[in-house]
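Undergrad: Protein chains in written order, with the working numbering: chain A, 212 to 311; chain B, 212 to 311.
There are 2 protein chains.
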Amino acid sequence: MVAAVNGQELKIIKVQGEFPWHRHEAADELFLVWKGNFRVEFRDQIVNLGPGELIVIPAGVEHRTAADDEAEILCFEPAGVRNTGNVDDAQFTAPNNVRI
Amino acid sequence: MVAAVNGQELKIIKVQGEFPWHRHEAADELFLVWKGNFRVEFRDQIVNLGPGELIVIPAGVEHRTAADDEAEILCFEPAGVRNTGNVDDAQFTAPNNVRI
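See the structure below:
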């Protein structure tokens with residue numbers, strides 16, 4: 212997390228590989244690509260994004276994120292949202308309130 | 212405005228020159244520089260920002276933004292915030308809910 216405003220947080224995420232399928236029941240999630248290529252997979256489609264492109268994942272919609280090569284992503288979402296949503300994943304669930 | 216999430220909006224702003232002094236009584240404002248150089252002036256200091264740098268302006272704090280050459284800025288703030296805050300400026304006050 213790099214900034215907090217109005218109960219929301221801006222997070223920097225470095226991604227490579229595939230994230231677990233999950234959903235956030237009560238939070239929309241905005242991803243904006245800073246560097247590299249990134250994709251968001253839904254059960255019925257895949258959205259490919261490059262630098263400067265963004266996507267909003269509405270609350271409750273199942274998805275997973277992925278990148279073949281390392282990419283840098285900005286994420287805006289409410290404070291306290293668990294990165295793996297409804298899933299508790301030993302490898303991927305990250306602590307909240309870690310400020311850099 | 213390019214995206215709306217959780218009652219907040221992501222806006223793209225092209226800036227050049229000086230904006231009027233103003234404050235937002237009830238909204239924090241986050242600016243992240245996408246391209247160019249940008250500064251945020253407070254009554255007691257000036258903060259210079261380049262690409263990838265961000266600033267959070269807490270609610271109620273008077274400020275103005277400025278750029279010598281055109282710069283591209285991302286702004287994240289609650290939906291419905293007036294860009295000139297407590298000031299109604301014939302030249303600079305922009306309409307809300309304009310989606311691009």
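Virtual Cβ for every residue (Gly too), placed ideally from N, Cα, C.
Just the Cα atoms here: how many angstroms apart are M212(A) and N308(A)?
TA: Distance between the alpha carbons of M212(A) and N308(A): 7 Å.
Undergrad: Can you list, in chain order, the residues of its chain with a C-beta nearer than 7 Å to that of K225(B)? Leave out the 5 residues immediately preceding and following it.
TA: If we look at K225(B) and ignore the five residues flanking it on each side, its Cβ neighbours are E281 and E283.
Undergrad: Buried or exposed: which applies to F253(A), given that a residue is buried once 16 or more other Cβ atoms fall within 10 Å of its Cβ?
TA: So F253(A) ends up on the exposed side.
Undergrad: Does any residue of chain A bring its CB to less than 8 Å from the CB of P289(B)?
TA: Yes, P289(B) lies at the interface with chain A (some Cβ there is under 8 Å from its Cβ).
Undergrad: Going by C-alpha to C-alpha distance, which of G271(A), F249(A) and P306(A) sits closest to E229(A)?
TA: Out of G271(A), F249(A) and P306(A), F249(A) has the C-alpha closest to the C-alpha of E229(A).
Undergrad: Residues in the segment 217-248 of chain B with C-beta within 8 Å of chain A's C-beta atoms, listed in sequence order?
TA: Answer set for the segment 217-248 of chain B: N217, Q219, L221, A238, D239, E240, L241, L243 and W245.
Undergrad: Residues of chain A with CB closer than 7 Å to the CB of A282(B), please, in chain order.
TA: Here the premise fails: no neighbours, minimum Cβ distance about 15 Å.
Undergrad: Would you report the Cα separation of H235(A) and V272(A), rounded to the nearest angstrom?
TA: So the two alpha carbons sit approximately 7 Å from each other.
Undergrad: Please give me, in chain order, every unbroken run of the beta strand (DSSP E) with length at least 3 that falls completely inside the segment 227-254 of chain A.
TA: If we require 3 residues or more, the beta strand (DSSP E) runs fully inside the segment 227-254 of chain A come out as 240-246 and 249-252.
Undergrad: Give, in chain order, every residue of the segment 245-272 of chain B whose Cβ lies closer than 7 Å to some Cβ of chain A.
TA: Answer set for the segment 245-272 of chain B: L265 and V267.
Undergrad: Report the three-state DSSP secondary structure of A270(B) (helix, strand or coil).
TA: Coil, per DSSP.
Undergrad: Look at the alpha carbon of L265(B) and the alpha carbon of I257(A), and state the distance between them as a whole number of angstroms.
TA: Approximately 31 Å, taken between the alpha carbons.
Undergrad: Going along chain A, which residues have a C-beta under 7 Å from A214(B)?
TA: Within chain A, the residues near A214(B) are L241, L265 and V267.
Undergrad: Quick check on T295(B): does DSSP put it in helix, strand or coil?
TA: In this structure, T295(B) counts as coil in the three-state DSSP scheme.
Undergrad: Report, in whole angstroms, the separation of the C-beta atoms of K246(B) and P231(B), which I expect to be a contact under 8 Å.
TA: With a Cβ gap of about 23 Å, K246(B) and P231(B) do not count as contacting.
Undergrad: What residue from I311(A), H233(A) and F287(A) has the CA that sits closest to E220(A)'s CA?
TA: For the residues I311(A), H233(A) and F287(A), the minimum Cα distance to E220(A) belongs to F287(A).
Undergrad: Using a Cβ-Cβ cut-off of 8 Å (strictly less than) and excluding sequence neighbours within five positions of A278(B), which residues of its own chain qualify?
TA: Cβ neighbours of A278(B) beyond the five flanking positions: V226, Q227, G228, G247, N248, F249 and R250.
Undergrad: Ordered along the chain, which non-local residues of its own chain (more than five positions away) have a Cβ less than 7 Å from that of N297(A)?
TA: Cβ neighbours of N297(A) beyond the five flanking positions: H233, R234 and E236.
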